[in-house]
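Notes for the one structure printed next.
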Amino acid sequence: MLMTASQYTNSLRKLNRVVYLFGEKVDSVVDHPVIRPSLNAVAMTYSLAHRPEYQELMTVTSPLTGRRINRFTHIHQSTDDLVKKSKMGRLLGSLTGCCFQRCVGMDALNALSITTCALDARGGTEYNRRFLKYLEYVQTGFTTCDGAMTDPKGDRSLPPHAQADPDSYLRIVERRADGIVVRGAKAHQTGAVNSHEIIVMPTVAMREEDRDYAVAFAVPSDAPGITYILGRQSCDTRKLEGETFDRGNLFFGGHEALIVFDDVFVPQERVFLCGEHEFTGGLVEQFASYHRQSYACKVGVGDVLIGAAQTAAEFNGIATASHIRDKIIEMNHLNETLYCGCIACAAEGHREAGGTYMVDTLLANVHKQNITRFPYEIARIAQDIAGGLLVTLPSEKDLKAPETGRWIEKYCRGKAGIPVEHRMRILRLIENLTMGTAAVGYLTESMHGAGSPQAQRIMIARGVNMEAKKAVAKRLCGIPEK
Ligand code: SF4
Ligand code: FE
57 MLMTASQYTN
67 SLRKLNRVVY
77 LFGEKVDSVV
87 DHPVIRPSLN
97 AVAMTYSLAH
107 RPEYQELMTV
117 TSPLTGRRIN
127 RFTHIHQSTD
137 DLVKKSKMGR
147 LLGSLTGCCF
157 QRCVGMDALN
167 ALSITTCALD
177 ARGGTEYNRR
187 FLKYLEYVQT
197 GFTTCDGAMT
207 DPKGDRSLPP
217 HAQADPDSYL
227 RIVERRADGI
237 VVRGAKAHQT
247 GAVNSHEIIV
257 MPTVAMREED
267 RDYAVAFAVP
277 SDAPGITYIL
287 GRQSCDTRKL
297 EGETFDRGNL
307 FFGGHEALIV
317 FDDVFVPQER
327 VFLCGEHEFT
337 GGLVEQFASY
347 HRQSYACKVG
357 VGDVLIGAAQ
367 TAAEFNGIAT
377 ASHIRDKIIE
387 MNHLNETLYC
397 GCIACAAEGH
407 REAGGTYMVD
417 TLLANVHKQN
427 ITRFPYEIAR
437 IAQDIAGGLL
447 VTLPSEKDLK
457 APETGRWIEK
467 YCRGKAGIPV
477 EHRMRILRLI
487 ENLTMGTAAV
497 GYLTESMHGA
507 GSPQAQRIMI
517 ARGVNMEAKK
527 AVAKRLCGIP
537 EK
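Residue 57 is where the sequence shown starts when you use the working numbering, and the numbers rise one by one after that.
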């Protein structure tokens, strides 16, 4: 039987984690009003798996255990699995309107399934056996994993070993017979405090001198020595104002955290890469490509924003104006173009040694490059349609206060028959998606998550077959080959 959303929530209560927010230690992470919407979003990955209409997308039979599991813990066995992964991302984005956080762990598991096979193919190691044992633990425990890749990085011009502070990249500080001790941090960690497990991977391709930094492992999220410091988000304190609709999205949100590893012990069985620097580049590339595919999520969030913009246009009485219709078409065109990319890189996937299916790397990078751009244009059009009231709107409290409420009722009215409160609510949702807490996920995360735009451009340059293109061009116009 799959884990339910409430069982998931209760399982997080049992974890003993050190979490800080606004300079204070958080007593109950699960119940904190700023964090809770992000937990609700992850909980949707559990609750949808119980809905008959989403069984095919959200669940799959594990080839490892033969049991029905959540797709977020699955190792892709076909291009059909990869396509379903993209569709699942869009579905969840379209139902939550935010980042639902669980993809990073799924992408880490799939990347490690490939890299541990490659490592063991040289002989003398048993990383894949360890990994499969860990995977079984994750699948049978219905575990949410955080995939942690990004190090703080210090001076970007220097490799890990040459940094002024040697902890700028997470590293092994002690090798013991029973495991390793690690020190450092992982930054921008999506869904960190909603995870049972943290899977750590290196963030760049490394050389021999960096071998202490070439490390991949998994630890329980409440392992001794781990501290979480949650990031601030624009308008986050609105969540402390009670149940007001000024939050925009009343149910869901995302979060990111800085995870500090202060001499954390990792048992040998949970170490999946330990000093083999020549495998770091491949692992980074696999995780990045999978996660670039995962940005199918933004197509779903785009669905919400387009729906909100159309509703705002109707509430303003301008929905039939030809320029508004054309702008809505443009938003849909951009959003469906994004969808093409995440489906294409999945459909063009291939089998790796060990049986794991990998997305087409070139197309995954093209998809993510589009994601760094189109949501900004979709958001710009949404703000255009919404009008200036989007940023000058009084609060819900002003609407409810007798002295001001009557003026707001009179002067914030749009089309006849539409309650002023409804107009305010839809504008708050657009604000949330384009400037508030959800804009972290829809815009800045689209820019920098799974790698900043330049990282994709490097991969695009590497992935295209330029010689073949040149050869055809020359042949068609009669330039002889040398
Ligand atoms: Fe998943 Fe998208 Fe959030 Fe990344 S940004 S964890 S792909 S929902
Ligand atoms: Fe992300």
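Note that the Cβ used here is the ideal one computed from N, Cα and C, for glycine as well.
Counting only beta-carbon atoms, is Ala511 nearer than 8 Å to chain B? Among the protein chains of the structure shown there is no chain B, as only one such chain exists.
Report, in whole angstroms, the separation of the C-beta atoms of Ile474 and Tyr351, which I expect to be a contact under 8 Å. Counting from one through the sequence shown, the residue named residue 474 turns up at place 418. Counting from one through the sequence shown, the residue named residue 351 turns up at place 295. In fact, because the Cβ distance is near 34 Å, the residues do not count as touching under 8 Å.
Please classify His132: is it buried, with 16 or more other beta-carbons within 10 angstroms of its beta-carbon, or exposed? Locating residue 132 in the sequence shown gives position 76, where the first residue counts as 1. His132 comes out buried.
Could you pull out every residue in the same chain whose Cβ sits closer than 6 Å to the Cβ of Cys291, ignoring the five residues on either side in sequence? The count along the sequence shown starts at 1 and reaches residue 291 at position 235. Closer than 6 Å at the Cβ level, and outside the excluded window around Cys291, lie Gly492, Thr493.
Ordered along the chain, which non-local residues of its own chain (more than five positions away) have a Cβ less than 7 Å from that of Ala164? Taking the first residue of the sequence shown as 1, we reach residue 164 at position 108. These residues qualify, in order along the chain: Cys201, Gly203, Ile255, Met257, Phe343.
Own chain, CB closer than 6 Å to Ser62, minus 5 neighbours either side, in chain order: The count along the sequence shown starts at 1 and reaches residue 62 at position 6. Once the five neighbours on either side are set aside, Ser62 has no close Cβ partner at all.
Within 10 angstroms of its Cβ, does Phe78 collect 16 or more other Cβ (buried), or is it exposed? Counted from its first residue, the sequence shown places residue 78 at position 22. Phe78 comes out exposed.
Below 8 Å on the Cβ atoms is my guess for Phe308 versus Pro93; work out the distance and round it to an integer in Å. Along the sequence shown, one-based indexing puts residue 308 at 252. Along the sequence shown, one-based indexing puts residue 93 at 37. That belief holds up - the Cβ atoms of Phe308 and Pro93 are roughly 5 Å apart, short of 8 Å.
By how many angstroms is the C-alpha of Asn166 removed from the C-alpha of Asp234? Within the sequence shown, the letter at position 178 stands for residue 234. Within the sequence shown, the letter at position 110 stands for residue 166. When rounded, the distance between both Cα atoms is 26 Å.
What residue range does the alpha helix (DSSP H) around Arg469 cover? As a working note, residue 469 is residue 413 in the sequence shown. Premise fails: Arg469 is in no alpha helix (DSSP H) and is neither H nor E.
Is DSSP giving Pro208 helix, strand or coil here? Mapped onto the sequence shown, residue 208 falls at position 152. Three-state result, Pro208: coil.
Which partner residues does Val275 have in the DSSP bridge list? For the purposes of this step, residue 275 is taken as residue 219 along the sequence shown, with counting starting at 1. Ile254, per the DSSP bridge assignment.
Can we count Tyr102 as close to the ligand SF4, meaning its CB is less than 7 Å from some heavy atom? Within the sequence shown, numbered from 1, the residue matching residue 102 stands at position 46. Outside the cutoff, so no.
Kindly indicate which three-state DSSP category Glu230 falls into: helix, strand or coil? Along the sequence shown, one-based indexing puts residue 230 at 174. Secondary structure at Glu230: strand, using DSSP grouped into helix, strand and coil.
DSSP on Glu182, reduced to helix/strand/coil? Sequence index remark: in the sequence shown, residue 182 carries index 126 (1-based). Coil.
In angstroms with no decimal places, state the Cα-to-Cα distance between Thr500 and Gly179. Position 444 of the sequence shown, counted from the first residue, corresponds to residue 500. Position 123 of the sequence shown, counted from the first residue, corresponds to residue 179. When rounded, the distance between both Cα atoms is 43 Å.
Output the distance between the C-alpha atoms of Ala506 and Ile399, rounded to the nearest integer angstrom. By one-based count along the sequence shown, residue 506 stands at place 450. By one-based count along the sequence shown, residue 399 stands at place 343. Within the model, the alpha-carbon separation for Ala506 versus Ile399 is close to 17 Å.
Measuring CA to CA, which of Phe187, Arg484, Glu487, Arg107 is closest to Leu148? Residue 148 sits at position 92 when you count from the first residue of the sequence shown. Out of Phe187, Arg484, Glu487, Arg107, Arg107 has the C-alpha closest to the C-alpha of Leu148.
Per DSSP, what are the beta-bridge partners of Val322 in this structure? Taking the sequence shown and counting its residues from 1, one reaches residue 322 at position 266. DSSP, once it has assigned bridges, lists Ile236 as partnering Val322.
What are the partner residues of Met414, as DSSP defines its beta bridges? Walking along the sequence shown from the start, residue 414 turns up at place 358. The beta-bridge partner set that DSSP reports for Met414 consists of His406.
Cβ of Ser350 within 7 Å of any heavy atom in the ligand SF4? Translated into the one-based positions of the sequence shown, residue 350 becomes position 294. Yes.
Check whether the Cβ of Val48 lies closer than 7 Å to any heavy atom of the ligand SF4, and answer yes or no. Because residue 48 is not part of the residues shown, which for the chain are 57 to 538, the question remains open.
Under DSSP, the alpha helix (DSSP H) around Thr152 begins and ends at which residues? Position 96 of the sequence shown, counted from the start, is the residue given in the question as residue 152. Counting along the chain, the alpha helix (DSSP H) containing Thr152 begins and ends at 135-152.
For His130 and Cys270, the rounded distance between their alpha carbons: Numbered from its first residue, the sequence shown carries residue 270 at position 214. Numbered from its first residue, the sequence shown carries residue 130 at position 74. In the sequence on display, residue 270 carries Ala and not Cys. So the two alpha carbons sit approximately 25 Å from each other.
Would you please state the rounded distance, in angstroms, between the beta carbons of Gly310 and Gln157? I believe it to be under 8 Å. Here the question's residue 310 lines up with position 254 in the sequence shown. Here the question's residue 157 lines up with position 101 in the sequence shown. The Cβ separation is near 6 Å, so the contact holds.
Identify the residues that DSSP records as bridge partners of Thr117: which are they? Start at 1 with the first residue of the sequence shown, and residue 117 comes out as number 61. Per DSSP, Arg124.
Whether or not the region 462-478 and the region 523-532 are in contact is what I'm after, with contact meaning three or more pairs of Cβ atoms, one per stretch, closer than 8 Å; do they touch? With a cut-off of 8 Å, the region 462-478 and the region 523-532 do not count as touching, because too few Cβ pairs lie within range.
Under DSSP, the beta strand (DSSP E) around Leu104 begins and ends at which residues? Taking the first residue of the sequence shown as position 1, residue 104 is located at position 48. Per DSSP, Leu104 belongs to no beta strand (DSSP E) and is neither H nor E.
Straight-line Cα distance separating Ser103 from Thr60: Position 4 of the sequence shown, counted from the start, is the residue given in the question as residue 60. Position 47 of the sequence shown, counted from the start, is the residue given in the question as residue 103. When rounded, the distance between both Cα atoms is 6 Å.
Span separating the alpha-carbon of Val116 from that of Asn184: Looking up residue 116 in the sequence shown gives position 60. Looking up residue 184 in the sequence shown gives position 128. Using only the alpha carbons, I get a separation of about 22 Å.
If you draw a straight line from the alpha carbon of Val563 to that of Phe187, how long is it in whole angstroms? Here the chain comprises residues numbered 57 to 538, so residue 563 is not present and cannot be evaluated.
Assuming Gly240 contacts Asp207 under a Cβ cut-off of 8 Å, what Cβ separation, rounded to an integer in Å, is found between them? The count along the sequence shown starts at 1 and reaches residue 240 at position 184. The count along the sequence shown starts at 1 and reaches residue 207 at position 151. Yes, Gly240 and Asp207 are in contact; Cβ-Cβ is about 7 Å, under 8 Å.
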